[in-house]
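Asker:
Protein chains: 2
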Amino acid sequence: MNASRSPVRQSSVRAHNLALVLQTVANSADRPSRAAISGATGLTRATVSALVDDLIAGRLLTELDPAPRTGAGRPAAGLALTPDGPGGLGLEINVDYLAACVVDLTGVVRHRFVTRADQRLLPPAAALADLAVLAVQAREAAAADGIELAGAALAVPGLVTANGLVRVAPNLDWQDVDVPALLDLGLPLAVDNEANLAALGELRTDGGPPTFLYVSGEIGIGAGIVLDGELYRGGRGWSGEIGHVTVYPDGRPCRCGANGCLEQYAGQEAVAADPDLAAASLGIALSAVVNLLDLGVIVLGGGYAPEFDRLRDGIETELRRRVLTADLAPVTLRPATLGADAAMRGAADVVIAGVRDDPARWLARAQAV
Amino acid sequence: MNASRSPVRQSSVRAHNLALVLQTVANSADRPSRAAISGATGLTRATVSALVDDLIAGRLLTELDPAPRTGAGRPAAGLALTPDGPGGLGLEINVDYLAACVVDLTGVVRHRFVTRADQRLLPPAAALADLAVLAVQAREAAAADGIELAGAALAVPGLVTANGLVRVAPNLDWQDVDVPALLDLGLPLAVDNEANLAALGELRTDGGPPTFLYVSGEIGIGAGIVLDGELYRGGRGWSGEIGHVTVYPDGRPCRCGANGCLEQYAGQEAVAADPDLAAASLGIALSAVVNLLDLGVIVLGGGYAPEFDRLRDGIETELRRRVLTADLAPVTLRPATLGADAAMRGAADVVIAGVRDDPARWLARAQAV
DNA sequence: TCAAATAATTCAACCAATAAACAAATCCGA
DNA sequence: TCGGATTTGTTTATTGGTTGAATTATTTGA
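Residue numbers (my numbering), protein chains in the order written: chain R, 1 to 369; chain H, 1001 to 1369.
1) Sort R/306, R/106, R/241 by Cα distance to residue 24 of chain R and report the nearest one.
2) Tell me whether the beta-carbon of residue 346 of chain R lies closer than 8 Å to the beta-carbon of residue 215 of chain R.
3) Please classify residue 1072 of chain H as buried or exposed, where buried requires at least 16 neighbouring CB atoms within 10 angstroms.
4) Using a C-beta to C-beta distance shorter than 7 Å, which residues of chain R count as neighbours of residue 1193 of chain H?
5) Of all the options R/98, R/348, R/233, R/37, which has the alpha carbon lying nearest to the alpha carbon of residue 189 of chain R?
6) 8 Å is my cut-off, CB to CB: does residue 291 of chain R come that close to chain H?
7) Compile a chain-ordered list of the residues in the stretch 218–246 of chain R whose CB is closer than 9 Å to at least one CB of chain H.
8) Pull up the distance between the alpha-carbon of residue 357 of chain R and that of residue 1273 of chain H, whole angstroms please.
9) Nearest CA to the CA of residue 13 of chain R: which residue from R/307, R/180, R/328, R/360?
10) Which runs of the beta strand (DSSP E) spanning at least 3 residues fall entirely within the stretch 266–322 of chain R, listed in chain order?
11) Distance, Cα to Cα, residue 1002 of chain H vs residue 354 of chain R?
12) Would you identify the three-state DSSP class for residue 1151 of chain H, choosing helix, strand or coil?
13) So, for residue 1279 of chain H: in the same chain, excluding its five sequence neighbours on each side, which residues have a beta-carbon less than 6 Å away from its beta-carbon?
14) Flag residue 154 of chain R as yes when its Cβ comes closer than 7 Å to any non-hydrogen atom of the ligand NAP, and as no otherwise.
15) So which residues on chain R does residue 1008 of chain H lean against when the C-beta distance must stay under 7 Å?
16) Going by C-alpha to C-alpha distance, which of R/198, R/319, R/217, R/116 sits closest to residue 225 of chain R?
17) Against chain H, which members of the stretch 317–342 of chain R pass a CB distance test of less than 9 Å?
18) Using the DSSP secondary-structure output, state which residues sit across from residue 1097 of chain H in a beta bridge.
19) Excluding the 5 residues flanking residue 15 of chain R on each side, which residues of the same chain have their C-beta closer than 6 Å to its C-beta?
20) Helix, strand or coil for residue 1070 of chain H? Go by DSSP, reduced to three states.
21) Taking 8 Å as the CB-CB limit, is residue 1258 of chain H close to chain R?
22) Check distances from the C-beta atoms of the stretch 1040–1053 of chain H to those of chain R and list, in chain order, the residues that come in under 7 Å.
23) Do you know whose CA, among H/1308, H/1042, H/1010, H/1271, lies nearest residue 1020 of chain H's CA?
24) Does chain R have any CB closer than 8 Å to the CB of residue 1167 of chain H?
25) How is the beta strand (DSSP E) around residue 1334 of chain H delimited, first residue to last?
26) Could you tell me the alpha carbon to alpha carbon distance between residue 331 of chain R and residue 1231 of chain H, rounded to whole angstroms?
27) Nearest to residue 1109 of chain H by CA position, among H/1090, H/1098, H/1124, is which residue?
28) Contact defined as beta carbons within less than 8 Å: I believe residue 1293 of chain H pairs with residue 239 of chain R. What is the distance between those atoms, to the nearest angstrom?
29) Using the beta-carbon of each residue, which ones in chain H are nearer than 8 Å to residue 296 of chain R?
30) To the nearest angstrom, how far is the alpha carbon of residue 1296 of chain H from that of residue 235 of chain R?
31) Does the stretch 1076–1088 of chain H come close enough to the stretch 1046–1065 of chain H to have 3 or more Cβ pairs within less than 8 Å?
32) The alpha helix (DSSP H) that contains residue 49 of chain R, what's its start and end?
33) Nearest by alpha-carbon distance to residue 1186 of chain H: which of H/1049, H/1176, H/1114, H/1135 is it?
34) Is the beta carbon of residue 154 of chain R less than 8 Å from the beta carbon of residue 103 of chain R?
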């Protein structure tokens, strides 16, 4: 509802419409013609043609054979995202591995690199130096495919501020690590919480609902909240700490100092020890989330995904009992579709989503080079 | 991040910039000149002049004496919102009263009408007919001031869908009431939950933070979630049901069928019976909200506002203990600044916010008439 | 072989913002 | 008291971008 606080000039109109055309192609199942785009967007064919010319010149779209059609008339030229345009570099650092991947504009993972090693034994700078090695490998592999990286995003299991500072990452034993200062790849770098990025990865999975909660159960429990297709990061970027939602006010002591946090009842160890208790506890906490945010879909990821069948009933029982609107509108529970790579995939997706959402910036950059 | 799915034409540019200028005036403490607006927005003076001419012609802005200034130069003409342009009609229906108010474009309450009567004794159609009488009075009073109502909004203590259908309002004993069908005022009518609208009322209060939780404690407990200056309504419009967040999983049975809902420990009766228990319970539930959404400000309204001093310590104790990021960033607790009228004020504010956020639509309508 | 149909491009017109010059109204200093 | 400095607001030519209509291109089908 709030109009954004910046003036709009004609060039903004073009930027917006470039994004509109590019997204129309991206969301289209077939390979749409210029005329089809015109119909879908409401822009005239003349305008679409001009915009498409720019997008082709900037290596974001390519012309292909059209989708087959019956009847008379000049055949259309099919348009699709280029697999050899800009790409995204997804990075992940976790307790026992480092990973990097290259995703092209169409969303396909083109390259994937993993190094297994216990990151808790290294100081942050050393771990990030190792990660930089992977990043360079990834960039070279991408360049060999004709892909230029538009940026990078790093998934970290911890609290991250908007400017990339990792305040706390308990399982890595990190505190106040200024990642952008230590990891200079010569690329724009975003840093975010792993659950947030995994949630975004899940969102890009085709047909993903635009509003859902992604819950990732590892040693700790994190959640990514996606509202209307956008990740909600919270006032200071620290949303989704569902692991420390109180389930039993006078329950087990938690490492955070409080009692009865969900983490103590549905963390990795607790799930193994007593799946029923974990499911019930998770159900109680998730009911709170649904009552507050009215989410229709909950995705269980991370360590929860393989345990999904064992947890489902217990969770749903509590949801039915404790969600006020349970009989008015159902809550769907489903396992994550991406596996262990979810956060890294999500990170790469964030980068290419940045290009798809603002192609004008990419075109201007490509122009300058 | 998601570009909206509609094309942008030149007229959209004008619509956006009209809104930008109008909001700049609205948010300005003094009475800004065209040059000042130009400086604040980044638009050129020429453009601002043209936009201001339109806004003055549409009776949204007026020229006044400028704010005093020292130094050389031609004196500026001060601009301000017109008190006699479009206004908003705020309506409220609650257990024991009906209310209506007229708020002008500057946010001042110009007229206020209240009828005390137990609404549970009447069928919904009769209650809404009584409300329509108040609405007509309000409109006539507004017309006498030269105010034309741009629309109306109604606050209801219950679950409301996006198209104005009241699914359940337990304390009114309403079920599936199609309000827009029963209440035709010849004006655009929005219907929303009272806590949502009260939260928006609190937002418009000058200096209100753009991200906060508004909690309203009456017989039930509702909450309005405001994220980045926008009310978050949830996937189906039923967010904010904090009253049914579980505090003690095996605790007191609730009328909703579950056990240990917050409502049983911090509802109106519970607060009276045991304020300490109410505060602790509220603290536990609010900690969950903060952990999930990372909100920095919580506003206590409705029946909680007068009890604020008695509840504060108990709530803050739990917040400190249970919010993971409590030592990284504080959570501020404060009482609501609007009193019993909060929801009705918020309703009227929603209407005028609609005009301020999209003045082009109002200008087009005024033109057509 | 030609008419109908559909796709894409070209071109003049229009809308809105910009930049720069200009007019208006005040202050201030000699 | 007068003229320059200063700031506000308007005028005018230019530019960027979309539109709509006309035009060109390419196919199907009678």
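Heads up, the beta-carbon is just placed ideally off N, CA and C, and yes, glycines get one too.
Keep in mind the model is a prediction, meaning the values are calculated, not measured.
Answerer: Here's the rundown:
1) R/106
2) no
3) exposed
4) By Cβ distance, chain R contributes nothing, its closest Cβ being about 11 Å from residue 1193 of chain H, past 7 Å.
5) R/348
6) yes
7) 223, 225, 227, 228, 229, 230, 231, 232, 233, 234, 235, 236, 237, 238, 239, 240, 241, 242, 243, 244, 245, 246
8) 54 Å
9) R/360
10) 297–302
11) With a pLDDT of only 40 at residue 1002 of chain H, under the threshold of 50, the placement of this residue in the model should not be trusted; the figure read from the coordinates follows. For residue 1002 of chain H and residue 354 of chain R, the distance between alpha carbons rounds to 10 Å.
12) strand
13) 1311, 1314, 1315
14) Among the components of this structure there are no ligands whatsoever, and the ligand NAP is therefore not found.
15) 13, 16, 17
16) R/198
17) 318, 321, 322, 323, 324, 325, 328, 329
18) H/1094, H/1116
19) 360
20) coil
21) yes
22) 1041, 1042, 1043
23) H/1042
24) yes
25) 1332–1335
26) 22 Å
27) H/1090
28) 5 Å
29) 1235, 1236
30) 7 Å
31) yes
32) 45–57
33) H/1135
34) no
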